[in-house]
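Below is one structure; the comments refer to it alone.
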Amino acid sequence: MTAYFLTAIRRLVILGVSCAIALGAFAQTQQGYVKTLGKPLKKGEALSGVTVRVKGEHNAVVSQKDGKFSLPMHGKKSGEAYTLQQVHKNGYELNDQSIIGRKFAFSTTVPLTVVMVSTEDLQADKLRIENNAYRAAERNYQAKVAELEKKLKKNIISAEQYQTEIQDLVDKFEKYQSLIESMAEHYAHTDYDNLNDKEAEVNILIEEGELEKADSLIHTMFDPMDVLKRNKESLARLDQTIFEAQDVINQANADMAAVLKQQKKDAEYLYQLYTIALAQFDNEKAAHYIQIRAELDTTNVQWQNEAGLFIEKYLADYPLALKYLHRVLEYAQTHPADDTDELIATEYNNIGSVHNRKGEFDKALEYHLKALEIYEKSLGTQHAKTATSLNNIGSVYSNMGDDSTALVYHFKAQKIYEQVCGPEDPHIASSYINIGSVYSRMGDYLTALGYNLKALDIYEKVYGTMHPETATTYSNIGSLYYTHGNYTKALEYQSKALNVWEKVLGKGHPDIAHVYNNVGNIYVKLQDYQMALNYYNKALAIQENVFGKEHPAIASSYYDIGVAFDSQGSYATAEEYYQKALNIWEKTPDQSATQIADVYNNIGYINYRQGNFNRALELYSQSLSLREKALGNDHVIVAQSFNNISNLYRVTGDYNTALEYALKALKILEKNHGTNHPDVALCYNIIGLICYNLGDYNSAIEYYLKAISINERVYGRDNTVTATCYNNIGSVYKNQGDEKRALEYYSKALNIEEKILGPEHPDIALTYNNIGTIYDSQKKFKKALEYYTKALEIEEKALGKEHPNVALAYNNIGAIHNEKGDYRKALECHQKALEIEEKVLGVEHPNTAMSYNNIGSVYFHLRKYSEALEYYQKALAIWEKALGENHPNVQTVKNNINTVTEQMKRSQPQ
Amino acid sequence: MTKYLLRHLFLCMTFVMLLAPLAAEAQQVQGYVKTIGRPGKPGAPVPNTTIRWKGTVNSTVSGKDGRFTSTMPGKKDGDAIVLQSVNKQGYELQDKGIIGRPLVFSTTVPIVITMVSTAQLQADKHRIEQNAYQIAERNYKKKISQLNKEVEEKKITAEEYHQQLVDLQNKYEAYQSLIGDMADRYARTDYDQLDSVDYQINLCIENGELERADSLIHTVFNPETVLERNRAAKDEIRQRIEFAQSVIDKATRDKEAIMRDLDYARRVVALAQNLIDEYLAQGATDQALECLKKNLEIISLLDGEDSEQAIATKEQILTLENQ
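Going down the list, the sequences are from chains A and B. Numbering-wise (this note's numbering), the first sequence opens with residue -17 and increments by one. Numbering-wise (this note's numbering), the second sequence opens with residue 6 and increments by one.
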């Protein structure tokens, strides 16, 4: 029976926890360099051992051998000002004292150059320059005096003039001498490293007093005025050009801002069109719009992601989805920012999900592990996102079928959630559900149930009892109870779920139909067929309204209703609904092969119980062939078909073929379930029955007891299969003559059946019949008749007047009348029986033979010996063929024939 | 040489402080908190909202008119500032992403924080969701009856019919799972920011009048040409910027070359000044004057006749001439 349950889709939740990645704080430094003063013949060199102290910093630094030093700049940013407090080295002084206290701008790129000069060298230089200057001045003085004397001699100037000039000269000379020291100081500090050759030459000339030479040299260094003028004008022009170009850029930026504003609007329109397309179920159009939006700005992470994820989920075009996700990844990798790591991790996870969906589990794992690595490194191992990654990996292992590894990861995630979130956080609940579904898949329903209940606990506290999430959990738990066979609990939880959904979705909502069906299925198992039909009809009403009468979902509903009617014995109605389902499913045979097979099987079973064995076999065979084709030769459903066919052969008397099929079924079931499964028990029961029919009573009982022991373990003491087994065991003991035991077992069976099936069920009739046969053997005819009649009444009503079981009942009643000597009544009954058997079972059936034998017996008592013989011989022929020479029945009828022949001889005139 | 350098230094240290004509003092940023505008209910100020900025200790609270002023020492115009939290009982941020996002500190441009009442948000969301569910159901049924008709008229085969039914069912289920997020998004739309057409469009979508929304959108927007239009516009602007930038780059390079030359001229002037000092020391005033005049010419060209150095040189010349 196909059960349709809502599957809980657990979205792996990614917490919106923002992560701040701490930037490593490290000391910033200003690089610097100390050198000595450059002189004409001696370039400046690196100076080590110089102590440099920055104002406001505790520690001073010392320059290295290469003259380099690093000043600490705590708390300063590039461009901020700093001042030097001290620069010291023994025997040296700063070339320019004013750098102490001067504001410098902190630069991480441009080093600070400090120039020092050895005090000794400085003094020496000064002295040298002074001496040069003195000598030069003296030379000059002498030359000028000589010139004046010459002029006097030549009478170019007067003696008075000569005197004035001389005095003037002396004054200037004295004045100059007083300045020499300060000028020497000035020139001694000149850093020749900064001067080019010509500049150096000029300085040297000045130092040596060769002023005219210096003058003419300088004048060669000036560019002609017109060149300078032109340069100045060019400068102005260039500034103007730059200004205008900047203006263009500013305007362009403003234009771009406008374009981006419009882009935002356009994106909004596209999103709206996407929404509208979705509402019309036009997923292709929706994808089209969301892609256009993504293309509008390929650096917009949100748009790329939304496009990729939509395409993945709703179009299943995985390569296209991956295109968008990889785009984000590439962008993140080439444009590092504060949150780059997290973004990359998220994308790895998204890409992993796509591969998961595609079934490319290796790739999925690769990406999820990459994401995990990043989270563990940047967030640590105790973070919710790390947990989510672990869960993702678990899911992939689940999909790969590796449940035990999946659990390892889910438990790891679980542990982290417990530490990171509170004990009643929805994430933990979600985790429990993940773990539960793995256990469910593994078949361990009890453990799965445990975890689901834990999850429910949390959801009820956090979301309350009327929340969709809670409802889904109710439903899951209901399904688990159903699979486990606890139908009362299943009903309790599905009802809770239904309650929520009726309020949240409304009573006419298509989704509710599924739930109604689920509840209906449970009521069928609880055998409350009225309620089951009630719910099925509710589902049907919604579905017919929404889907129309041809929808596949309706077919499922029809089928389920058929099963309900079938279970309560209303075969005609059941078949009607089965046929309705079939009508729809046969229109898509490839999709619905197994469902069609189920319908054939069930209709076959109905026919079987109605005694239409040929039709039943036909349907069973059709079902079997569909199932083998769709599911292969080892599937448990195929075993079901084998069992059904086996029953058919058994009931029609072909016990050997029956055994053949039963053993085929057993093989499959033991392979799939092991030797302790209820279905295996059913098989044992059937094989027991066949052994019984073949006369192998010991094997029969052995198999029955095996069956009972399994059933009791799984279903408890009171279940119908056990009842059937008790019946069968009873029959074996009866046949062996142990009537006490037989009655004991028949009573056990009756006990259960009255409890479970109620007094009108065909199966009880069989038990009544069996008990009747005991009383019959004990000659307690009144009691026997009572039971036989009960059986007959039920069977005629439930099975119709032409059922083999009805025939059996008539036979038994006839036998009683026979014993009581009421031969006419006996004959009447046996003939009714025979009529049914000949029609339904055919003239070759062992049961028909029984009737022949019984009628023969009555005729014998009526002294109609030739008729009696005729009937006995018919019986013998059938039994010999069907049961073999050694069967008790064959012996019995042979004896009967002998007795008749004897009587006939005696009645013959000598 | 040292004399010249000192003069230059003095120039650098004097600068003009511009006083900004504002109500806010320096290091203060202003803003206001408002609710989103909804159809028929424009946004209103939100008082008593507690705002906390990252890196500051004190929180700010918005006044009765929704306005607030936050003091942020050490910040100047253009710096990035980041919100740590925004809280008011019964309200939430329209866009949660504003927390943690770098905003621009400005003493002139106010910061707008938009909030939405949680109760209203839920109510709007619920209403939009219900509308969406109804629309979906109606469309779903419509599609089904359309399919029914097609199969009756034999326009599609029975197999195709069943395949499409299953397909449709899946899409319907998928859509329903998206409705929640979509409703949330639309419920957060600030109608105050919309022009009249956009206002109508949003209103239609929220009310479920999707066909009308669709046609309204198409009156102002063409999805098939938007990409091209957008790209063309951006390309054109980028080209303009690229070109202007290359012009600037070349001009800057050219400027640098000229500046190097002019700087060299300045150095030579300084060198000449040395010579002049030497001449003066030796009493050779005539030679000194000649050099000074030459220097003046060049200085006037480089820095202008009114520049400090030009004036000083002129003074020096005058002094000498008067001797």
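The beta-carbon is built from N, C-alpha and C at its ideal position, and this holds for glycine as well.
With 7 Å as the limit, tell me which residues of the region 243 to 276 of chain A have their beta carbon closer than that to any beta carbon of chain B; keep them in chain order.
-> Gln245, Asp248, Tyr251, Leu252, Gln254, Leu255, Thr257, Ile258, Leu260, Ala261, Gln262, Phe263, Asn265, Tyr271 and Ile274
Can you tell me the Cα-Cα spacing of Tyr456 of chain A and Ala395 of chain A, whole angstroms?
-> In the first sequence, the residue the question calls residue 456 of chain A occupies position 474. In the first sequence, the residue the question calls residue 395 of chain A occupies position 413. Each residue's Cα considered, the two are about 24 Å apart.
Per DSSP, the bridge partner or partners of Tyr15 of chain A | Position 33 of the first sequence, counted from the start, is the residue given in the question as residue 15 of chain A. DSSP output for Tyr15 of chain A lists A:Lys50 and A:Thr95 as bridge partner(s).
Given Thr290 of chain B, which residues of its chain have a CB within under 7 Å of its CB, disregarding the five upstream and five downstream residues?
-> Working through the second sequence from its first residue, we reach residue 290 of chain B at position 285. Closer than 7 Å at the Cβ level, and outside the excluded window around Thr290 of chain B, lie Leu325 and Gln328.
Comparing the C-beta of Leu208 of chain B with each C-beta of chain A, is any distance below 8 Å?
-> The residue labelled residue 208 of chain B in the question sits at position 203 within the second sequence. No, Leu208 of chain B lies away from the interface with chain A (no Cβ there is under 8 Å from its Cβ).
Backbone CA spacing between Ile133 of chain B and Lys59 of chain A [nearest angstrom] | Numbered from 1 along the second sequence, position 128 holds the residue referred to as residue 133 of chain B. Numbered from 1 along the first sequence, position 77 holds the residue referred to as residue 59 of chain A. In a straight line, the C-alpha of Ile133 of chain B is about 52 Å away from that of Lys59 of chain A.
Residue environment, Thr113 of chain B, which counts as buried when at least 16 other CB atoms sit within 10 Å = Taking the first residue of the second sequence as 1, we reach residue 113 of chain B at position 108. Exposed is the call here.
Go ahead and pull the three-state DSSP assignment for Leu294 of chain B.
-> If you number the second sequence from 1, residue 294 of chain B lands on position 289. Helix.
Taking only beta-carbon positions, decide if Gln287 of chain B is within less than 8 Å of chain A.
-> Translated into positions along the second sequence, residue 287 of chain B becomes position 282. Yes, contact with chain A.
Of all the CB atoms in chain A, is at least one closer than 8 Å to the CB of Phe226 of chain B?
-> The count along the second sequence starts at 1 and reaches residue 226 of chain B at position 221. Taking Cβ atoms only, chain A reaches closer than 8 Å to Phe226 of chain B, which makes this a yes.
May I have the straight-line CA-CA distance separating Pro26 of chain B from Gln32 of chain B, to the nearest angstrom?
-> Translated into the one-based positions of the second sequence, residue 26 of chain B becomes position 21. Translated into the one-based positions of the second sequence, residue 32 of chain B becomes position 27. Since pLDDT at Pro26 of chain B reaches only 33, below the 50 mark, its modelled position is unreliable, and the value read off the structure follows with that caveat. Computed Cα separation, rounded: 14 Å.
Using three-state DSSP, classify Ala196 of chain A as helix, strand or coil.
-> Against the first sequence, residue 196 of chain A aligns to sequence position 214. If DSSP states are grouped into helix, strand and coil, Ala196 of chain A belongs with the helices.
In this structure, what does DSSP give as the bridge partners for Trp58 of chain B?
-> Position 53 of the second sequence, counted from the first residue, corresponds to residue 58 of chain B. Answer by DSSP bridge pairing, in chain order: B:Leu88.
When you compare only the Cα positions, how much space is there between Ala137 of chain B and Gly425 of chain A?
-> Taking the first residue of the second sequence as 1, we reach residue 137 of chain B at position 132. Taking the first residue of the first sequence as 1, we reach residue 425 of chain A at position 443. Roughly 40 Å between the two C-alpha positions.
For Ile304 of chain B, write down the residues that DSSP places opposite it in a beta bridge.
-> To locate residue 304 of chain B, count along the second sequence from 1; it is residue 299. Per the DSSP secondary-structure output, Ile304 of chain B pairs with nothing in a beta bridge.
Identity of the residue in A:Leu151, A:Ile111, A:Asn113 and A:Asn793 nearest Leu130 of chain A by Cα = In the first sequence, residue 130 of chain A corresponds to position 148, counting from 1. The candidate whose alpha carbon is nearest that of Leu130 of chain A is A:Leu151.
Curious, which full-length alpha helix (DSSP H) runs of at least 4 residues does the region 204 to 241 of chain B contain?
-> 215 to 225
Of all Cβ atoms in chain A, is any one closer than 8 Å to the Cβ of Gln89 of chain B?
-> In the second sequence, residue 89 of chain B corresponds to position 84, counting from 1. It does not: the Cβ of Gln89 of chain B has no partner Cβ on chain A nearer than 8 Å.
Leu280 of chain B: contacting residues in chain A (beta-carbon distance under 7 Å) | Sequence index remark: in the second sequence, residue 280 of chain B carries index 275 (1-based). Correct list: Ile188, Leu193, Ala196, Asp197 and Ile200.
Alpha-carbon spacing of Gly376 of chain A relative to Ala537 of chain A, whole angstroms | Start at 1 with the first residue of the first sequence, and residue 376 of chain A comes out as number 394. Start at 1 with the first residue of the first sequence, and residue 537 of chain A comes out as number 555. Each residue's alpha carbon lies about 37 Å from the other.
Please confirm if Glu181 of chain A has its CB atom under 8 Å from at least one CB of chain B.
-> The sequence position of residue 181 of chain A within the first sequence is 199, counting from 1. Closer than 8 Å: yes.
In this structure, does DSSP put Asn327 of chain B in helix, strand or coil?
-> Start at 1 with the first residue of the second sequence, and residue 327 of chain B comes out as number 322. Helix at Asn327 of chain B.
Under 8 Å by Cβ, that's how I've got Ala306 of chain B and Lys211 of chain A pegged, so tell me the actual separation to the nearest angstrom.
-> As a position in the second sequence, residue 306 of chain B is number 301, starting the count at 1. As a position in the first sequence, residue 211 of chain A is number 229, starting the count at 1. Note on identity: in this sequence residue 306 of chain B is Leu, with Ala being the wrong assignment. About 6 Å separates the two Cβ atoms, so the contact holds.
For Asp832 of chain A, count neighbouring C-beta atoms within 10 Å of its own C-beta (all shown protein chains included) and say buried if the count is 16 or more, exposed if not.
-> In the first sequence, residue 832 of chain A corresponds to position 850, counting from 1. First, the amino acid is wrong: residue 832 of chain A is Met here, not Asp. Per the 10 Å Cβ criterion, buried.
Please report how far the alpha carbon of Ile56 of chain B lies from the alpha carbon of Val66 of chain B, in whole angstroms.
-> To locate residue 56 of chain B, count along the second sequence from 1; it is residue 51. To locate residue 66 of chain B, count along the second sequence from 1; it is residue 61. Cα-Cα distance, rounded: 6 Å.
Distance between His496 of chain A and Ala612 of chain A (C-alpha atoms, nearest Å) | Position 630 of the first sequence, counted from the start, is the residue given in the question as residue 612 of chain A. Position 514 of the first sequence, counted from the start, is the residue given in the question as residue 496 of chain A. One C-alpha to the other measures close to 25 Å.
Where Leu431 of chain A sits in the DSSP three-state scheme | The residue labelled residue 431 of chain A in the question sits at position 449 within the first sequence. Looking at Leu431 of chain A - three-state DSSP - the assignment turns out to be helix.
Start and end residues, alpha helix (DSSP H) containing Tyr463 of chain A = Residue 463 of chain A sits at position 481 when you count from the first residue of the first sequence. Pro450 to His466 is the extent of the alpha helix (DSSP H) around Tyr463 of chain A.
Which residues DSSP lists as bridging His827 of chain A, in chain order | Sequence index remark: in the first sequence, residue 827 of chain A carries index 845 (1-based). According to DSSP, which records beta bridges pairwise, His827 of chain A is partnered with nothing at all.
Alpha carbon of Asn365 of chain B to alpha carbon of Thr318 of chain B, nearest angstrom | Since the first residue shown for chain B is 6 and the last is 328, residue 365 of chain B is missing from the structure and cannot be characterised.
How about Tyr296 of chain A and Ala49 of chain B: are their beta carbons less than 8 Å apart?
-> Your numbering for residue 296 of chain A matches position 314 in the first sequence. Your numbering for residue 49 of chain B matches position 44 in the second sequence. Not a contact, by the Cβ cut-off of 8 Å.
Consult DSSP for Ser67 of chain B and reduce its assignment to one of helix, strand or coil.
-> To locate residue 67 of chain B, count along the second sequence from 1; it is residue 62. Looking at Ser67 of chain B - three-state DSSP - the assignment turns out to be coil, as it is neither helix nor strand.
Flag Ala137 of chain B as yes if its beta-carbon sits less than 8 Å from any beta-carbon of chain A, otherwise no.
-> Numbered from its first residue, the second sequence carries residue 137 of chain B at position 132. So, interface residue.
Beta-carbon proximity check, Ala270 of chain B vs Leu220 of chain A, cutoff 8 Å | Translated into the one-based positions of the second sequence, residue 270 of chain B becomes position 265. Translated into the one-based positions of the first sequence, residue 220 of chain A becomes position 238. It is not a contact, given that the beta carbons lie outside the stated cut-off.
Exposure label - His131 of chain B; buried when at least 16 CB within 10 Å = Looking up residue 131 of chain B in the second sequence gives position 126. Burial call: exposed.
Status (buried if at least 16 other CB within 10 Å, exposed otherwise) for Pro47 of chain B | Residue numbering aside, residue 47 of chain B sits at position 42 when the second sequence is read from its first letter. Result: exposed.
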